[in-house]
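What follows is a single structure, written as structure tokens, with notes after it.
Here it is as structure tokens:
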């Protein structure tokens, strides 16, 4: 078992794009945040974080940017039931759009899940898939903390997943919300 006391980045840039980076963590402990790709002023696209086998972690981002678009990033968490992971986001941008990001959670425990989150812009075509897992806190397909549109986002719950003390949103925004989907597939 490995232990990392600081943040972990698949790729990080202040002004450039961070694209196509992969982080794979198995049976380890991470005290800091995990970023597949992190760009402060530019895009973060096509990054992947894979976490499995009872890794201890919190604040996991497939792609993250302060000012750029965040698209097509993926977080996969599997066989991680013993150590709930707090705050999982496929894609997160403070000030720009988040689209086509995915979170897959299988046989794991998590607290607060966002497929795509933007604090001040649109969140569209993001998907959360949760199977045979336990979730507390909130689940968002697409989330905009401002007036950005949230559209065509999906949350899919399947298997014997347990959702407690949680709100589930296909899309959430102070602005327009349309064409979001919540699917319950064999879930109760």
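In this note's numbering, the protein residues as written are 1 to 188.
Note that the Cβ used here is the ideal one computed from N, Cα and C, for glycine as well.
Three-way DSSP call (helix, strand, coil) for residue i in this model
{"i": "residue 102", "result": "strand"}
{"i": "residue 12", "result": "strand"}
{"i": "residue 117", "result": "strand"}
{"i": "residue 96", "result": "coil"}
{"i": "residue 122", "result": "coil"}
{"i": "residue 57", "result": "coil"}
{"i": "residue 186", "result": "coil"}
{"i": "residue 4", "result": "strand"}
{"i": "residue 66", "result": "coil"}
{"i": "residue 180", "result": "coil"}
{"i": "residue 107", "result": "strand"}
Classification of residue i by the beta-carbon crowding that lies within 10 angstroms, buried from 16 upward
{"i": "residue 5", "result": "exposed"}
{"i": "residue 126", "result": "buried"}
{"i": "residue 175", "result": "exposed"}
{"i": "residue 24", "result": "exposed"}
{"i": "residue 72", "result": "buried"}
{"i": "residue 77", "result": "buried"}
CB of residue i within 8 Å of CB of residue j, strictly
{"i": "residue 22", "j": "residue 61", "result": "no"}
{"i": "residue 37", "j": "residue 10", "result": "yes"}
{"i": "residue 75", "j": "residue 44", "result": "no"}
{"i": "residue 137", "j": "residue 153", "result": "no"}
{"i": "residue 2", "j": "residue 39", "result": "no"}
Residue i, enclosing beta strand (DSSP E) - first and last residue
{"i": "residue 166", "result": "Where residue 166 is concerned, there is no enclosing beta strand (DSSP E), given that its DSSP letter is neither H nor E."}
{"i": "residue 74", "result": "74-93"}
{"i": "residue 42", "result": "Note, residue 42: premise wrong, no beta strand (DSSP E); not H, not E."}
{"i": "residue 142", "result": "134-144"}
{"i": "residue 154", "result": "154-158"}
{"i": "residue 147", "result": "That residue, residue 147, is in no beta strand (DSSP E); it is neither H nor E in DSSP."}
{"i": "residue 52", "result": "48-52"}
{"i": "residue 26", "result": "22-26"}
{"i": "residue 131", "result": "127-131"}
Closest Cα partner of residue i within the set the options
{"i": "residue 67", "options": "100, 118, 36, 128", "result": "118"}
{"i": "residue 122", "options": "130, 97, 136", "result": "97"}
{"i": "residue 105", "options": "20, 177, 159", "result": "159"}
{"i": "residue 115", "options": "109, 107, 101", "result": "101"}
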